[in-house]
Structure formats: structure tokens, C-alpha cells
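In the numbering used here, the protein residues as written are 1 to 182. We put the beta carbon where it would ideally sit given N, CA and C, even for glycine.
Okay, structure coming up:
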């Protein structure tokens, strides 16, 4: 139930927490991803879907509209396709979701593809990923000049981490880095 005395709804709060996350979020879509599930999937940094997955915004079929989900979907898929999905309530296939950039990968074995993607992340610097996600998420709402100034300052901070020092040393010594996460 919704407590209308609260200024923020439950889904909105979850979306806000996901937006502020500096831990990579990866969606695994194994079937139907509809309505609020589209919002949750869209807040993730990456998404992997099974080839039989479907995606949709069926709210209009029950007399409402996917208003909050628009906040997170509007930057992921083309405007005209988003309009069609919102106004008709008709779902799209996993192949279409891949074409529109809604998901990174579609595979018959979604778990194997997810594991493959995770392995590509787990050997990277936790500090670089954490600060990098922070930088990406802050910069996306800025104008070009604001983003350039912000990212110039972030570059200097990246180099001050223990992981950056270890990564550069490992590169020079031609060995795998041993990340400490700081």
C-alpha cells in the first residue's frame, strides 16, 4: 500500500538508492521484465537477458502510465520506441531490447553470460570501479563544460588511490595487480 503522507514512494526510493550506488549493478533478466521491473533493470549499470525474455510497460492497459520508469528509461532507449511502449503497452523481445541498447547481452544461457560478464569485472580495481561509477553518474546530468571540469578534477583523484599506484607498478613490472580496493 502507498502512504500518501510520505513525499517519496517506495519504488522511487529504491531507484534513488540504485542511482547513488557505486557498486556495479547487473540485471539478470530470465523472463518477463515489466512495469516497475523495467525501472529496476534500467537502474542497473549493465543487463544480461535470456533470449526468451520480454520487456514491457503495460501500465496503460490498466489505466495508469509508467511515469517514474520514464525517469530512468528516457536515457536508455530511443524516444519513439519508448513512446510506443508507453502508449501501446505492448512488450518487446530480448532481441529488440538488445537492438535498442536496453540490455548489453542476450544469450540462451543467461547464467553463463552473466558469469562471463562478472569475471570481466572481478579482476579490476574496486577503487577505480567505485570512483568511476560515481564520476559517470554525476557527469551524465551535467552540461559538456561542467562535465569536463568535473572529470578533470576526478582524474587527479583516481591517481591518488592505492589501487592506481599498484596498477601502475604492476604494469611496469609486467605482472597482475594485487588490488586492495582503496
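| query | result |
| --- | --- |
| For residue 46, which residues from the same chain have a beta carbon less than 6 Å from its beta carbon, with the 5 sequence-adjacent residues on both sides left out? | 26 and 104 |
| To which residues does DSSP link residue 56 through a beta bridge? | 34 |
| Does the contact criterion of 3 or more C-beta pairs under 8 Å hold for the stretch 111 to 130 versus the stretch 51 to 64? | no |
| Report all residues from its chain with a CB closer than 6 Å to the CB of residue 177; omit the five preceding and five following residues, and keep chain order. | 166, 167 and 170 |
| Is DSSP giving residue 108 helix, strand or coil here? | coil |
| What is the DSSP secondary structure of residue 141, counted as helix, strand or coil? | coil |
| Throw me the rounded Cβ distance for the residue 101 and residue 77 pair, which I believe falls under 8 Å. | 6 Å |
| Starting from the Cα of residue 33, find the closest Cα among 172, 69 and 155 and give me that residue. | 69 |
| Pick helix, strand or coil for residue 29, following the three-state DSSP scheme. | strand |
| Thinking just about the alpha-carbon of each residue, which of 54, 6 and 163 is nearest to the one in residue 28? | 54 |
| What whole-angstrom Cβ distance do residue 30 and residue 50 have, given they're in contact under 8 Å? | 5 Å |
| For the pair the stretch 8 to 22 and the stretch 130 to 141, tell me if three or more CB-CB distances fall below 8 Å. | yes |
| Checking the sheet assignment: what are the DSSP bridge partners for residue 49? | 29 and 106 |
| With 16 as the cutoff for other CB atoms within 10 Å, does residue 88 come out buried or exposed? | exposed |
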